[in-house]
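K.L.:
Using this note's numbering, the first residue of the sequence shown is number 91, and each one after it goes up by one.
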Amino acid sequence: MVINQHGYNFLTKRFVRGFSQDFKTDPRFQSSALMALQEASEAYSVVLFEDTNLCAIHAKRVTIMPKDIQLARHIRGERA
Numbered sequence: 091m092v093i094n095q096h097g098y099n100f101l102t103k104r105f106v107r108g109f110s111q112d113f114k115t116d117p118r119f120q121s122s123a124l125m126a127l128q129e130a131s132e133a134y135s136v137v138l139f140e141d142t143n144l145c146a147i148h149a150k151r152v153t154i155m156p157k158d159i160q161l162a163r164h165i166r167g168e169r170a
């Protein structure tokens with residue numbers, strides 16, 4: 091894994107709790123669910139950065155820029 095597991099779990103739980111403030115009980119998480127979320131997040135990030143790097147190379151640059159990420163997401167059909 092690329093991302094520190096403890097930090098990822100902490101941020102994920104905090105993020106979800108921000109959306110679930112209206113519930114009477116705090117949501118609980120299985121470790122396998124957090125692991126699956128982390129693996130999917132990392133896989134998405136790796137592929138996005140590969141596409142972003144290709145956009146930078148196409149523009150004859152070696153440094154990626156925010157506009158490269160925006161272009162990669164646009165080409166993939168993702169909303170900005």
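We put the beta carbon where it would ideally sit given N, CA and C, even for glycine.
Look at Val-92 and Glu-129 and say whether their C-beta atoms are less than 8 Å apart.
P.N.:
Cβ atoms of Val-92 and Glu-129: not closer than 8 Å.
K.L.:
Under the rule that 16 or more other beta-carbon atoms within 10 Å means buried, what is Ala-162, buried or exposed?
P.N.:
buried
K.L.:
Evaluate Thr-142 with the Cβ neighbour count: other Cβ atoms within 10 Å of its Cβ, from every protein chain shown; 16 or more gives buried, anything less gives exposed.
P.N.:
buried
K.L.:
What span of residues does the alpha helix (DSSP H) with Thr-102 cover, start to end?
P.N.:
Segment 95-109, the alpha helix (DSSP H) holding Thr-102.
K.L.:
How is the alpha helix (DSSP H) around Phe-139 delimited, first residue to last?
P.N.:
121-148
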